Amino acid sequence: MPLIIDKGLIRHLWAQQTFTTRAKTEQLLSPELEPAGTLTVGDFEKAVDFYPGEQRRLPGFYGVTFTAVASLSVYGLVSMRRRRWPIRKASLAGFLGLFNGVAYGQYKQLQANVNFKNSLEDREGFLKAFNKVYEREGGLSALVKDKRAEAIDREIIKGSSIEDDAINLIKKRGVPSESSLFDVQKSNPAIQHTDVWDATDLHSQTARAGKTAEEERALAQAEFDAMLEKERRGAD
Numbered sequence: 030m031p032l033i034i035d036k037g038l039i040r041h042l043w044a045q046q047t048f049t050t051r052a053k054t055e056q057l058l059s060p061e062l063e064p065a066g067t068l069t070v071g072d073f074e075k076a077v078d079f080y081p082g083e084q085r086r087l088p089g090f091y092g093v094t095f096t097a098v099a100s101l102s103v104y105g106l107v108s109m110r111r112r113r114w115p116i117r118k119a120s121l122a123g124f125l126g127l128f129n130g131v132a133y134g135q136y137k138q139l140q141a142n143v144n145f146k147n148s149l150e151d152r153e154g155f156l157k158a159f160n161k162v163y164e165r166e167g168g169l170s171a172l173v174k175d176k177r178a179e180a181i182d183r184e185i186i187k188g189s190s191i192e193d194d195a196i197n198l199i200k201k202r203g204v205p206s207e208s209s210l211f212d213v214q215k216s217n218p219a220i221q222h223t224d225v226w227d228a229t230d231l232h233s234q235t236a237r238a239g240k241t242a243e244e245e246r247a248l249a250q251a252e253f254d255a256m257l258e259k260e261r262r263g264a265d
């Protein structure tokens, strides 16, 4: 049997993740105000007060409350009988309390949404405006993609931190500079009597090879030092 998800529930979840602040709610709903749109000024003000308001914190509030009450209740009952610290039972009771508290908070949140919609001046006009914003912003699928993109960006930044640390170490230490053309000529008699263009070409090849090897060794050492430093910070 296919899973059927109510569209109203999807839009409710989207609204909770989208209208997170008063400024953002005003920005998204203001284009739908009358006379250009179907949203009245009164309903606009109610929505701006409601969505970023206390109803957003109901699941977390009841989750914490139920967790504390359940854990303390079990701890009190067991400790009076055995006079021991009932870690496992208190933890299990806390987990069940958290689950039930969040579920109850979500129920109260849905109930608050129903009361909000019943208090609107023009419910049909508000729903039309809400659906336009929903479609314009891409709906729940666009929100999920944004969250996934943020997670990927965090992984990329986390993965590149070691390389960035290595580059910073190289900048602090400095890469050995190549010798000048005259120093090479003084140290190698064979180059002193050759044509200046030949000497320049030979010097550029040898210096480039030496510089590449030196940079590779410096980068490898810096990456190794950066990994050690990262592990040390994690241990601390």
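Take this note's numbering: the final residue in the sequence shown is number 265, and no numbers are missing along the way. Cβ coordinates follow ideal geometry from the N, Cα and C atoms, glycine included. Computed from a predicted model, the values in this text were never measured in an experiment.
Per DSSP, reduced to three states, the secondary structure at Leu-149 is coil, with no helix or strand assignment. Per DSSP, the unbroken alpha helix (DSSP H) holding Gln-46 starts and ends at 36-47. Contact between Glu-164 and Asp-72 does not hold, since their C-beta atoms are separated by about 19 Å, which reaches or exceeds 8 Å. Boundaries cannot be given for Arg-85, as no alpha helix (DSSP H) includes it and DSSP labels it neither H nor E. In the DSSP assignment, Thr-54 falls within the alpha helix (DSSP H) that extends over 51-58.
Per DSSP, the beta bridge partners of Leu-62 are Leu-68. Here Phe-124 is exposed. Its C-beta has fewer than 16 other C-beta atoms within 10 Å. Distance from the CA atom of Gln-46 to the CA atom of Ala-255, rounded to whole angstroms, is 38 Å. Distances from the CA of Val-162 to each of Phe-145, Pro-64, Leu-68 were compared; the closest alpha carbon is that of Leu-68. Taking the Cα of Tyr-136 as reference, the smallest distance to any Cα among Glu-166, Leu-87, Lys-146, Ala-44 is reached at Leu-87.
Glu-244 is classed as exposed because its beta carbon has fewer than 16 other beta carbons within 10 Å across all chains shown. Contact between Gly-134 and Tyr-91 holds: CB atoms are separated by about 4 Å, below the 8 Å threshold. Close CB contacts of Ala-76 within its chain, under the 7 Å cut and outside five residues either way in sequence, are with Thr-54, Leu-58 (chain order). The closest CA to that of Gly-66, considering only Phe-79, Ala-158, Gln-56, is found on Ala-158. Excluding residues up to 5 positions away in sequence, Arg-152 lie with their Cβ nearer than 7 Å to the Cβ of Lys-146 in the same chain. Only residues of its own chain outside the window of five on either side were considered, and among them Ser-100 have a CB closer than 8 Å to the CB of Ser-120, listed in chain order. Considering only His-41, Val-98, Gln-250, Glu-252, the residue with the shortest C-alpha distance to Asn-142 is His-41.
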